[in-house]
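**Q** Here it is, the structure in full.
Number of protein chains: 2
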Amino acid sequence: MSNIAASIITIGDELLIGQTIDTNSAWIAKQLNQQGIDLRRRVAVGDEWQPIINALDDELKEAQLVIITGGLGPTADDITKPLLLHYFGGAMRTDARVLEHVKGIFAKRNRPMLERNLKQAEVPDTCTVLFNRLGTAPGMWFEREGKIVISLPGVPFEMVAIMEDEVLPRLLDRFESDAIIHHTIVTVGEGESFIAEKIQSIEESLPSHIKLAYLPGAGMVKLRLTGKGSDEAALNELIVGYKNKIAEMLKDIVIAMSDMPLERVLFEQFMLKGKSLGLAESCTGGYIAHHLTQVPGSSAYFKGGIVCYQTSIKENVLGVSTDTIMMSGEVSEATAIELAKGAMKVLDVDCALSVTGLLGPATDEDKEPVGTVWMATASMDKVVSRKFVFHYDRIRNKEMAVSMGMLMIYKYISDVN
Amino acid sequence: MSNIAASIITIGDELLIGQTIDTNSAWIAKQLNQQGIDLRRRVAVGDEWQPIINALDDELKEAQLVIITGGLGPTADDITKPLLLHYFGGAMRTDARVLEHVKGIFAKRNRPMLERNLKQAEVPDTCTVLFNRLGTAPGMWFEREGKIVISLPGVPFEMVAIMEDEVLPRLLDRFESDAIIHHTIVTVGEGESFIAEKIQSIEESLPSHIKLAYLPGAGMVKLRLTGKGSDEAALNELIVGYKNKIAEMLKDIVIAMSDMPLERVLFEQFMLKGKSLGLAESCTGGYIAHHLTQVPGSSAYFKGGIVCYQTSIKENVLGVSTDTIMMSGEVSEATAIELAKGAMKVLDVDCALSVTGLLGPATDEDKEPVGTVWMATASMDKVVSRKFVFHYDRIRNKEMAVSMGMLMIYKYISDVN
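Residue numbers (the working numbering), protein chains in the order written: chain C, 7 to 423; chain R, 7 to 423.
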């Protein structure tokens with residue numbers, strides 16, 4: 007059959023007033039995409055009856071599959087279940103397995119069981135129950151006129167568990183569809199216009215069923231090739247061919263041939279080259295360490311770091327001299343270099359990166375302007391230092407410093423033979 | 007006039023295949039909300055002509071204001087500008103101020119200027135240009151039949167700058183509207199059902215124009231009261247009255263009377279009580295330090311931390327005895343306590359939190375099960391240790407450990423007189 011079109015409806019006032027960032031949609035989108043299901047639209051609406059009904063009506067006009075998240079909690083602002091009962095008809099029934107499960111959760115947590123918790127085990131008799139092993143609100147699967155509506159809780163890890171346990175296997179069974187194949191190249195150091203110019207001839211020669219997208223990030227641009235077709239192997243071969251041609255033209259700036267975050271690139275490079283790494287983070291406050299340790303197994307190369315937020319830690323733990331701080335300032339090349347050398351010694355690593363800067367919003371008359379960040383990498387045979395000036399707000403300046411810090415580490419490790 | 011209804015349309019295939027998480031919508035939603043503008047829907051569509059046209063048609067039926075983000079880059083996958091030219095008519099013209107600005111950016115970065123970069127200064131002559139001081143793609147403001155369509159770049163910091171510089175002041179000028187007021191109470195340690203039961207009598211007595219929402223998070227529940235009305239002062243007084251009543255009924259579990267993250271609560275408590283804090287993070291890899299340092303001025307109480315990812319850092323930097331690690335294991339109460347005491351000493355702080363655990367996915371036959379995390383707080387007069395077992399994946403286990411670690415710190419500081 008031809009590809010099916012899907013929509014996601016997320017429910018919750020918190021999405022419309024900006025109290026919550028919607029991470030569920032992106033996760034669901036990725037899963038559907040991997041099964042070759044075409045997500046056409048994502049819609050967010052508030053906790054109100056009529057807008058939800060309208061969204062359902064609208065999306066069902068063009069989509070064969072609608073996934074709804076949110077509004078399944080035990081409190082009065084949660085209206086998805088009665089709404090779906092109304093929409094699909096039928097009567098409420100208590101599901102024995104869910105009831106048992108809800109009781110078990112409360113017994114395990116040693117909490118009193120309330121009437122409203124028991125209600126979590128009620129479902130319309132017009133749906134198939136999607137068991138929620140991590141929570142009390144079950145998912146629901148409705149069908150009408152060949153179209154499917156799935157309701158899932160908004161709590162991210164519960165949604166994920168139900169998708170993996172119950173929804174994705176059923177969708178795989180149900181639909182055969184065209185393959186959708188993505189390939190991504192990760193580049194650093196050049197802007198998207200520059201890249202577009204370099205690979206213009208290839209971009210213009212792409213057949214119409216293969217799309218090229220530019221995804222710019224901090225200091226990096228990802229290039230994504232996407233194709234769709236019934237012959238998965240042939241399609242893959244075709245896309246890989248274009249990918250290799252593009253990578254060949256951009257070879258100086260390509261750091262990965264698949265969609266992976268920088269921390270994963272670093273992990274692979276350090277493992278390959280058998281080096282160890284340490285950090286001395288002042289203004290980035292542990293955020294680089296956090297990124298590096300997102301990769302399972304990263305302890306094999308990343309020994310640890312010092313978050314030297316106050317001056318005393320820079321001096322007493324990392325051995326930066328009081329003179330250097332007095333003469334050059336905390337945000338200076340000299341301090342960055344002493345921090346990196348200190349971290350290399352204290353943490354006993356092959357290479358250490360240091361970061362010291364002023365992210366804002368406050369500034370100090372005597373010091374560097376807000377956004378100034380000094381970084382250094384130190385290893386046995388080389389010290390490299392670099393100054394950055396970021397022009398954004400505190401949060402964004404921190405993110406930029408993290409990306410640039412990881413690129414400094416990349417520069418070190420890619421130079422190691 | 008009555009409140010205006012708004013919609014957001016975000017454009018980009020990366021949103022529909024789950025490659026990017028949409029943070030723009032939440033930010034825009036918050037700003038509109040603060041101006042009393044009612045966001046009705048958020049819609050995400052791909053980089054394709056007809057679906058974007060359809061979304062515009064649909065949203066303009068009920069909204070007086072539509073904000074579009076994305077699709078304004080210099081590469082071939084960016085189609086928003088030609089599409090809006092088609093939709094609103096007119097012809098392309100080169101904007102002199104934008105052109106000057108684009109040239110300036112390239113000169114400053116010392117990059118060659120390409121034909122496609124010059125094109126960034128072209129805009130339909132049917133729009134008002136919204137100047138983008140941080141990037142090359144200007145925003146655009148169109149009007150037709152009393153309705154407004156605003157197009158902004160998808161790069162978050164550029165979008166934010168244009169909203170703040172150009173869009174929000176114009177919207178404020180244009181619309182007077184009903185006030186929307188939110189008040190939030192932050193609670194820890196009880197579930198939403200328990201809370202709902204406790205405050206049922208108040209919830210049932212709320213007038214229809216005031217809504218109560220439960221926003222559960224890791225170990226916490228936020229309660230949000232929202233009201234809308236023309237008399238802002240009276241409305242605020244009414245909501246604050248309900249808020250105080252609710253807080254009174256929940257007083258043992260309330261940690262903040264406004265919507266603030268835990269790191270902000272900690273900052274205020276430590277400042278109030280004049281104590282200093284340090285960290286020894288193993289499995290959380292610096293992520294707690296990152297959270298604490300998101301608050302401007304946090305260096306006044308947070309001195310720093312040690313990310314002791316490998317055993318050698320635990321022993322050599324923090325002084326955990328090799329015996330303890332051999333006998334009890336790295337993930338154990340004894341190691342957690344020695345880490346906290348070591349951090350207190352090395353960092354010279356009033357209180358230190360340690361975190362050591364196994365987040366997964368890999369496990370080790372001899373060790374604790376995946377998800378086991380030991381934490382301890384150490385201060386001059388007290389050591390408190392606690393074991394947690396999280397049942398999620400690596401990323402989620404880390405987030406849970408961060409929340410629980412910050413709650414351990416909260417427990418320490420709230421007990422200080």
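All residues carry an ideal CB built from backbone N, CA and C; glycine is no exception. Quantities reported herein were computed from a predicted structural model and do not represent experimental measurements.
1. With three or more beta-carbon pairs closer than 8 Å as the criterion, would you say the region 98 to 106 of chain C touches the region 129 to 145 of chain C?
2. Could you pull the start and end residues of the beta strand (DSSP E) that Y220 (chain R) belongs to?
3. Quick one: residues in its chain with C-beta nearer than 6 Å to the C-beta of S282 (chain R), no 5 flanking neighbours on either side, listed in chain order?
4. Pull up the DSSP beta-bridge partners for D230 (chain R), would you.
5. Which value, in whole angstroms, describes the spacing of the CA atoms of I424 (chain R) and L229 (chain C)?
6. State whether the region 290 to 301 of chain C contacts the region 230 to 249 of chain C, with contact taken as three or more CB pairs (one from each stretch) at a distance under 8 Å.
7. Considering Cα atoms alone, identify which of R:R139, R:A61 and R:A82 is closest to I73 (chain R).
8. How about D179 (chain R): is its C-beta nearer than 8 Å to some C-beta of chain C?
9. From the DSSP output, in three-state form, read off P88 (chain R) for me.
10. Among C:Q56, C:L298 and C:V260, which has the Cα closest to the Cα of L90 (chain C)?
11. In angstroms with no decimal places, state the Cα-to-Cα distance between M410 (chain R) and G152 (chain R).
12. Taking all protein chains shown into account, decide if G52 (chain R) is buried (16 or more other Cβ within 10 angstroms of its Cβ) or exposed.
13. Is S183 (chain R) near I17 (chain R), with beta carbons less than 8 Å apart?
14. Give the interface partners of S199 (chain R) over in chain C, defined as CB-CB distance under 8 Å, in chain order.
15. Would you be able to state if there are at least three C-beta pairs under 8 Å between the region 313 to 331 of chain C and the region 344 to 352 of chain C?
16. Does the Cβ-Cβ distance between E321 (chain R) and W380 (chain R) come in under 8 Å?
17. Could you please tell me which residues of the region 81 to 104 of chain C, in chain order, have their CB closer than 7 Å to any CB of chain R?
18. Under a three-way DSSP split, which group does R117 (chain R) fall into?
19. Is F343 (chain C) helix, strand or coil by DSSP?
20. Flag Q206 (chain C) as yes when its Cβ comes closer than 7 Å to any non-hydrogen atom of the ligand HEM, and as no otherwise.
21. Strictly under 8 Å for the Cβ-Cβ distance: is A295 (chain C) near chain R by that measure?
22. In the structure shown, what three-state DSSP assignment does L45 (chain C) receive?
23. Taking the beta strand (DSSP E) that I154 (chain C) belongs to, which residues open and close that run?
24. Between the alpha carbons of I252 (chain R) and A127 (chain C), how many angstroms are there, rounded?
25. Should the region 166 to 186 of chain C be regarded as contacting the region 209 to 217 of chain C, the criterion being three or more beta carbon pairs within less than 8 Å?
26. Contact criterion: CB-CB distance below 8 Å. Does P367 (chain C) meet it with respect to chain R?
27. Which two residues bound the contiguous beta strand (DSSP E) that contains F394 (chain C)?
28. Relative to the C-alpha of D84 (chain C), which residue among C:G96, C:E54 and C:E65 is closest?
29. Nearest to A262 (chain R) by CA position, among R:S420, R:D387 and R:L298, is which residue?
30. Just reading off the alpha helix (DSSP H) that T317 (chain R) is part of, what are its end residues?
31. Check for me: the beta strand (DSSP E) holding P175 (chain R) runs from which residue to which?
32. For H1 (chain C), return the contacting residues in chain R, with the cut-off set at a CB-CB distance below 9 Å.
33. Once the 5 residues before and after A50 (chain C) are set aside, which same chain residues still bring their CB inside 7 Å of it?
34. Going by DSSP, which residues form a beta bridge with S360 (chain R)?
35. If we ignore side chains and look at the alpha-carbon of each, how far apart do G223 (chain R) and G95 (chain R) end up?
36. So that I know if they touch, is there some Cβ in chain R lying closer than 8 Å to that of E209 (chain C)?
**A** Well, looking at it:
1. yes
2. I216 to G223
3. Y307, K309, V355 and D356
4. One point to set straight first is that residue 230 (chain R) is Arg, not Asp, in the sequence displayed. Per DSSP, R:T190 and R:A219.
5. Beyond the ends of chain R as shown, which are 7 and 423, falls residue 424 (chain R); an answer cannot be given.
6. no
7. R:A61
8. no
9. helix
10. C:Q56
11. 51 Å
12. buried
13. no
14. P80, T81, L120, R122 and N123
15. yes
16. no
17. T81, A82 and D83
18. coil
19. First, the residue type needs correcting, since residue 343 (chain C) is Ile and not Phe in the sequence shown. I343 (chain C) falls in the helix class under three-state DSSP.
20. Here there are no bound small molecules, and the ligand HEM is not part of this structure.
21. yes
22. strand
23. K153 to L158
24. 28 Å
25. no
26. yes
27. K388 to V395
28. C:E54
29. R:S420
30. T317 to N322
31. Here P175 (chain R) belongs to no beta strand (DSSP E); instead the alpha helix (DSSP H) covers L174 to R180.
32. The structure shown does not extend to residue 1 (chain C), since chain C is modelled only from 7 through 423, so no value can be given for it.
33. T16, L21, L22 and D28
34. R:A286 and R:A382
35. 47 Å
36. yes
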